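Asker: Could you have a look at this structure, given as structure tokens, before my questions?
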Amino acid sequence: MAAEPSHREKVLETLIDAADNILRSSQKLTAAEVSSSACIARNSIYRYVDSVDDLRGLVLARYVPAWEKAIVEALKEIDDPIDRLVVWLDTNLCQAKLTGHNWLMNISHMAKNSNATKDVARFAHRVLWGELDGCWKAIVKDEADARRWSFLTLGLLQNAFGQVEREYDFDRLRELVRRSGRALAQAAQRDQI
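Just so we're aligned: 90 in this note's numbering is position 107 of the sequence shown, and the numbers increase by one with no gaps anywhere.
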């Protein structure tokens, strides 16, 4: 049985909820907005976070575990490195649509001075890169080439992320990304012969 959250945990969760709602509404994240939305005294916010910008990192941190879990779950029974790469691309694209990737990136970029936000962003990118590098090291023998193919794949994914919110036919985008990922991997294998 899970323990009841402490008062501190409850208040922090309320602050994160408030920040999440404010950021999603495109309002400016300020102490006044957060305190009003969370029904907490403005100065009390700083008992829970060092700065309002740290709330951006805590909002980001909400979405990273589910994204990581989706990738792990999708890949857990796939051994073939090309299939893993294709599923990795597809799962990341689906998570970008689910969470609003551009919105998450904007949160990260708006908190340039927040160590909490930087830490979450670094962790999220390590999660992404770890599996991607592993796929490519299994597909090609040369480590430098594996890194190059990883960068090309990341370029494909980042461009696809940019299309997610503008794309009316998301299924078609997914199909093209999967096919492109497979084509990259097959080209890399042919390059080794």
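For every residue, glycine included, the Cβ atom is placed at its ideal position computed from N, Cα and C. Quick caveat, the model's predicted, so the values are computed rather than measured.
1) So, using beta-carbon positions, are Ala44 and Ala21 closer together than 7 Å?
2) Give, in chain order, every unbroken run of the alpha helix (DSSP H) that is at least 4 residues long and sits entirely within the stretch 10 to 52.
3) Roughly how many whole angstroms lie between the Cα atoms of Pro64 and Leu140?
4) Is it the case that the stretch 20 to 38 contacts the stretch 97 to 114, given that we only count it when at least three CB pairs across the two stretches are under 8 Å?
5) So, helix, strand or coil for Arg149, using DSSP?
6) Straight-line CA distance for Glu114 to Thr74?
7) Please return the same chain residues whose Cβ sits closer than 7 Å to the Cβ of Ala15, not counting the five positions on each side in sequence.
8) In whole angstroms, give me the CA-to-CA distance for Asp226 and Ala170.
9) Specify, as a first and last residue, the run of the alpha helix (DSSP H) that Pro64 falls within.
Answerer: The short version:
1) Along the sequence shown, read from residue 1 onward, the residue named residue 44 stands at position 61. Along the sequence shown, read from residue 1 onward, the residue named residue 21 stands at position 38. No; because the gap between Cβ atoms is not below 7 Å, this pair is not in contact.
2) 14 to 21
3) Within the sequence shown, the letter at position 81 stands for residue 64. Within the sequence shown, the letter at position 157 stands for residue 140. Distance between the alpha carbons of Pro64 and Leu140: 17 Å.
4) yes
5) On the sequence shown, position 166 is the one that residue 149 refers to. Coil at Arg149, not helix or strand.
6) For the purposes of this step, residue 114 is taken as the residue at position 131 of the sequence shown. For the purposes of this step, residue 74 is taken as the residue at position 91 of the sequence shown. So the two alpha carbons sit approximately 12 Å from each other.
7) Counting from 1 along the sequence shown, the entry for residue 15 is found at position 32. Same-chain partners within the cutoff: Arg25.
8) In the structure as shown, the chain begins at -16 and stops at 176. Residue 226 is therefore absent and cannot be evaluated.
9) Counting from 1 along the sequence shown, the entry for residue 64 is found at position 81. 64 to 82 is the span of the alpha helix (DSSP H), which, as asked, contains Pro64.
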